[in-house]
Each structure stands twice: as C-alpha cells, then as structure tokens.
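One gets my numbering by counting positions in the sequence shown from 1 and adding 20 to each.
Every residue, glycine too, gets a C-beta built ideally from N, C-alpha and C.
Everything below concerns the one structure shown next.
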Amino acid sequence: MRMHFKRALSNISKFGDTDIFPFPVENHIFYDKADQAAELLLDTYQNFAERLVQFPPSNASALAPVGYTGFRWATQLDPLWNAFFLGLVLSIGDPIERARIPKEENAVFSYRFNADNESLELFDQSYNWRSFMEKSLEMAAASKFVITCDISEFYPRLNHHRLDNALRQLRLAGDQASKIMTFLSNFSGTYSFGLPIGGPAARILSELLLNQIDRLLRTEGIRFARFADDFHLFADTYEGAFKALLYLTERLLSNQGLQLQKAKTRIMSGQEFISTSPLGGNLEDSPADETSPHLREQSQNLMRLSVRFDPYSATAQGDYETLKSELGRIDILGLLKAELTKSRVHISLSKRIVSAIRYVDEPQRGEAVLSLIENAELLYPIYANVLLTAKLLYQELGEKVRGAIIEYVRSLVKNDSHVLQTELNLCYAIRLLACGQGPENEEILNKVYERTRSILIRRDIILGMARWRATYWLSDLRGQFRTFTPAERRAFLIGSFCLTDEGRHWRQHIAPELSPFESLVRDWASEKSQSPSWSIPL
C-alpha cells in the first residue's frame with residue numbers, strides 16, 4: 021500500500037485534490053514531506069477503525085455556481101483523508117479498468133486508468149472529452165439520428181449499495197473495498213449515496229458503476245459513446261432512437277437509481293449534431309447572428325485546441341512555445357471583447373478564453389485581466405476561474421493594473437456583492453487579495469473572518485494574515501486555537517512561525533495536544549521558516 025499512497029501524494033502535489041476548490045496548503049507539505057506523509061497514511065490503513073474515530077475527516081462543503089442562477093454542492097475532503105481515499109482507490113485501479121469495456125472499442129472515453137510514474141497522470145490522456153467528441157462526430161456522420169443526454173445529479177446520487185456490490189464482484193484479495201465503503205459512509209453521514217465531486221478517486225469509482233450500463237447498451241446492440249455522465253446514442257431511424265433512449269432511461273433508473281436530465285435530452289439528426297458540435301460546427305448555444313463569421317471561426321478553433329499545459333513536464337519550454345504559437349493564431353482579445361458585449365456569456369468558450377489570457381503578451385494581457393475582473397456580474401458563472409487566473413498572473417502584471425485589481429475585488433467584498441456571496445468565489449477572492457498588502461486589506465479580511473463560519477475562508481484568512489506578518493492579529497487569535505477546526509489549526513500552526521519567540525513558546529506549550537498530522541505540518545513550517553525569503557503559500 022505504501023506505493024499507492026506515495027502515488028496518491030505525488031498526484032495531489034502536482035495536480036491538486038479537486039478541479040473545483042483552491043488547492044490547500046497541505047499539498048505543499050505532501051510534496052516536501054512525501055515519505056513522512058506516506059507513513060501517516062500507512063498507519064491509518066493499518067489502524068483504520070481507530071484512526072477514523074481518533075482523527076475523523078474534517079471536510080469543507082460549499083455551493084459552487086452552475087450558470088447564472090444554479091448551484092451544486094461540492095465538498096473538499098480533509099487533505100490527509102483525501103490522500104488516503106485516493107491511495108485506496110489507486111490500489112484497485114487496475115482491476116477496475118480490466119472490468120470495464122476495453123478502451124480499444126472506442127465507446128467509453130472517460131478516465132481510463134493508466135497510472136504513469138513519470139508524468140504522475142492517472143488516466144490515459146488519449147481518451148478524453150475531445151476523443152469522445154471526435155468519435156461521436158464520426159458515428160453521427162454514419163447515422164441518421166443522434167440522442168444526446170446526461171445524468172442528473174450524477175455524483176451526489178450514486179448509490180453506495182450498488183457500488184459495494186460492484187466492488188465485491190471484482191473479487192479483490194485485500195480489504196481496500198470495505199475501507200472504501202466505510203470511508204464513503206462516513207463522508208455521506210446518514211445517507212447511503214453520494215461521492216465527493218471533483219477528485220480522481222470518485223471518478224474511478226463512478227466509472228465502475230456505469231460499466232454495468234455500458235455493457236447493457238453494448239449487449240442490446242445500441243451504438244453509443246460516453247464520457248463520464250454524457251451519453252451519445254446513434255440510430256438509423258427515429259423509432260430506433262426513441263427505443264434506445266427509453267432503454268437507457270429504464271436501465272439507469274432500475275439498476276442505478278439515476279435519471280437523465282430532461283432539459284438536456286435531445287433527439288436530433290446526425291447533421292444537426294455535427295453542425296452544433298463544438299468540434300464540428302457552431303457553438304450550439306451561441307446564435308449565429310450574435311457573432312461575426314470571423315469570430316465564429318476563431319471560437320471554433322479555440323474550442324478545438326487544448327490549452328492544458330504542464331509546467332513540470334520534461335518538455336515544458338517547448339510545449340509552452342508551441343501552445344503560445346497556436347494561440348497566437350487565434351484572436352483571443354477579439355473573442356473576449358465579443359463575449360463581454362453579450363448579456364450572458366458562453367460559459368465553455370469563456371472558460372477557454374480566460375485560460376488563454378495567460379499566453380497573451382503585455383500590455384494587452386494586463387488590460388485583459390483587468391477587463392475580466394471588472395466584469396464580475398457578467399462573468400459570475402466562471403468568476404472563480406477569472407480570480408484564479410488573475411492570481412496566477414498577478415506578479416507579472418504592472419503595478420497600476422495590480423492596484424486596480426485589488427481595489428475592485430476589495431470593493432466587491434466590502435459591498436457584499438452577490439458575485440462573492442457564493443462561498444467558492446469568495447475563497448478565490450480572498451486568495452487574490454492576499455497577493456496585495458496594506459491596512460485596507462487587513463481590515464477587510466478581519467471583517468470577513470468575524471462574520472463567516474466557512475472553514476475554507478477562515479483557514480485562508482489566517483494564512484493570508486500570516487503571509488503579511490500581521491503579528492498583532494495572529495497573537496490575538498492564539499487563545500482560540502483549541503476551538504479551531506482542524507484546517508484552521510494547521511493554518512495557525514504555519515502562521516505561528518511569524519510570531520518569533522511568542523510563537524515558539526506557544527508551540528512548546530501546545531505540542532502534547534497535536535495530532536501526528538499537525539506535528540508534521542509544524543515540522544514542515546519550521547524548516548521552511550528558516551529561509552528569510554520564504555513566503556507562506558496560498
């Protein structure tokens with residue numbers, strides 16, 4: 021198991037724990053103290069029942085925006101327990117992959133397990149959303165009708181009993197399956213369904229569950245392609261298409277207790293599917309008369325292009341130059357200007373534009389980032405992406421632009437803007453504000469800390485204040501340590517190193533009360549604080 025836990029820690033250190041929440045500071049500890057963290061995970065595995073009671077997971081949940089008025093409930097797992105959960109699932113990743121429809125059949129394109137020790141990727145990168153769409157376009161060209169549909173509330177509704185049965189049918193030699201189910205039972209509380217959204221462990225387990233549906237579709241002779249909860253079914257007659265849709269609906273409900281989203285289920289001609297596909301034609305929710313032919317072509321080119329870049333790759337420099345060159349042929353700023361003139365942005369396209377901004381040269385890049393920040397209401401559904409991009413580029417922007425960004429975000433917080441009333445958006449805003457410093461920012465963060473009950477936000481404010489060496493504030497907070505959540509305790513342990521002698525005496529006093537993980541956090545911060553140039557990561 022040690023190997024699987026180390027692989028989990030390496031993956032989390034490089035790619036993060038989810039694709040929803042800001043990365044927790046503990047990811048840096050997993051990178052720097054991988055061996056010690058792996059020993060903690062191995063101890064947890066060997067003494068699972070006791071550790072689950074002694075140090076239960078302290079998870080943080082928040083609403084994440086979906087469109088302009090919709091939300092979904094997402095949970096960031098306790099960092100150590102998240103690594104433990106991922107390690108357990110990785111240890112059975114190969115048996116799960118062997119149980120699925122072979123990837124060579126080009127029917128199921130999502131999260132094909134193939135752990136790579138060099139890149140630290142967990143999935144075969146040639147099977148992804150793009151290859152799913154390319155295969156769907158190929159099948160649509162040979163079909164008269166296409167059904168597009170996806171599952172409603174996929175991760176929150178996945179049934180634990182059915183997952184338990186699917187794991188048992190793998191006939192695993194170890195007890196990882198029982199530990200996984202116990203962990204999920206703890207995660208869900210009194211409910212017997214639901215997987216954490218956004219992490220690779222849940223993705224692997226969800227694919228095992230949907231494997232039954234895939235095999236039933238194949239046995240029935242229904243031509244299909246699937247990526248995660250998105251299904252494309254293909255038929256030669258309308259009656260055949262309706263029959264395939266009815267079969268999928270019945271099997272999902274009777275076997276998995278899942279339903280298709282009514283609003284997103286469509287039967288269309290093969291040519292209509294091709295013409296409305298992001299890879300094959302017009303963006304399906306962007307009317308043709310709203311955008312010029314030139315920008316429509318540019319948007320299609322951007323949607324076809326992968327803007328995923330790995331800065332730690334052995335070929336990082338070459339990959340960066342290649343991507344920058346490809347993006348240089350696309351009018352990113354023109355697309356941005358067109359989106360900002362709409363009453364509602366095209367969400368998928370706008371996310372791509374935001375990701376591509378980092379490859380635009382100055383001074384246009386700074387102006388573009390400021391435009392994104394100042395269009396908070398219009399960009400509300402993707403404002404977390406905007407804030408994250410602004411933070412990543414912050415040090416590269418001019419002083420005037422940086423000041424304008426901080427002032428605008430501070431005004432959103434101060435005025436209790438609805439854009440930041442969503443906890444997830446506020447988390448990203450706090451991290452961006454932490455890039456700046458000054459009495460106004462300290463006052464704003466203090467007010468937010470006093471009024472919020474969010475574990476995530478309080479944790480990040482503690483780290484932000486420590487980053488600014490606001491010793492007066494941290495010293496005053498010290499007496500509340502025993503009432504903190506585990507995430508706040510770890511953040512304060514890190515921050516206490518800016519309190520010099522006061523912090524050292526306090527840590528000596530509190531040492532007997534620390535958990536093994538907290539002791540590891542303390543030791544990591546102690547080593548890092550020896551460098552005068554160290555800045556608390558946030």
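Query                                                                                                                           : Result
N31 - DSSP class collapsed to helix/strand/coil                                                                                 : helix
Identity of the residues DSSP links to G90 by a beta bridge                                                                     : V86
Where L412 falls, given that 16 or more other Cβ within 10 Å makes a residue buried                                             : exposed
Alpha helix (DSSP H) segment containing A161, residue limits                                                                    : 149-161
Neighbourhood of I464 by C-beta, 8 Å cutoff - its chain only, sequence neighbours within 5 removed                              : R430, V433, K434, L453
Distance between E124 and A222 (C-alpha atoms, nearest Å)                                                                       : 23 Å
Whole-angstrom C-beta distance between E522 and I482, which should lie under 8 Å                                                : Wrong, their Cβ atoms sit about 16 Å apart, outside the cutoff.
Contacts around F165, its chain only, beta-carbon distance under 8 Å, and the 5 residues preceding and following it disregarded : F254, A255, D256, T257, Y258, G260, A261, I287, M288, S289, G290
Alpha carbon of D114 to alpha carbon of A449, nearest angstrom                                                                  : 40 Å
Start and end residues, beta strand (DSSP E) containing F244                                                                    : 243-247
L398 to L408 span [Cα, whole Å]                                                                                                 : 17 Å
Exposed unless 16 or more other CB atoms sit within 10 angstroms - verdict on W488                                              : buried
C-alpha gap between G36 and S555, whole angstroms                                                                               : 20 Å
When P506, G90, D381, L106 are compared against M21, the one with the closest alpha-carbon                                      : L106
Of the listed residues L440, L183, N31, V374, nearest to E138 (C-alpha basis)                                                   : N31
Straight-line gap, W101 to F133 (C-alpha atoms, nearest Å)                                                                      : 21 Å
Straight-line gap, L72 to S205 (C-alpha atoms, nearest Å)                                                                       : 12 Å
Identity of the residues DSSP links to C169 by a beta bridge                                                                    : F251
Stretch-stretch touch, CB-based, cutoff 8 Å, three pairs: the region 42-61 with the region 530-548                              : yes
Between the CA atoms of M201 and T210 - distance to the nearest angstrom                                                        : 13 Å
Pick from F41, F143, F537, S375 that is closest to I477, judged by C-alpha positions                                            : F41
Inter-residue Cα distance where the pair is T442 and S130                                                                       : 29 Å
Anticipated Cβ contact below 8 Å, P85 with F91, distance rounded                                                                : 6 Å
Identity of the residues DSSP links to M288 by a beta bridge                                                                    : V166
Own chain, CB closer than 8 Å to L60, minus 5 neighbours either side, in chain order                                            : L100, P536, F537, L540
C-beta atoms of P557 and S78 nearer than 8 Å                                                                                    : no
Exposure label - E227; buried when at least 16 CB within 10 Å                                                                   : buried
C447: first and last residue of the uninterrupted alpha helix (DSSP H) it sits in                                               : 443-453
Reduced DSSP secondary structure (H/G/I, E/B, other) of V128                                                                    : strand
Neighbourhood of F247 by C-beta, 6 Å cutoff - its chain only, sequence neighbours within 5 removed                              : F129, S130, W149, F152
Selection from Y65, F293, R527, I377 that minimises the alpha carbon distance to M159                                           : F293
8 Å CB neighbourhood of R243 in its chain, flanking five on each side removed                                                   : M159, S163, L253, F254, A255
Opposing strand residues paired with N179 [DSSP bridges]                                                                        : F213
Same chain, Cβ closer than 8 Å to H24, five either side skipped, listed in chain order                                          : G107, L108, L110, S111
Rounded straight-line distance, which links the Cα of G499 to that of S198                                                      : 40 Å
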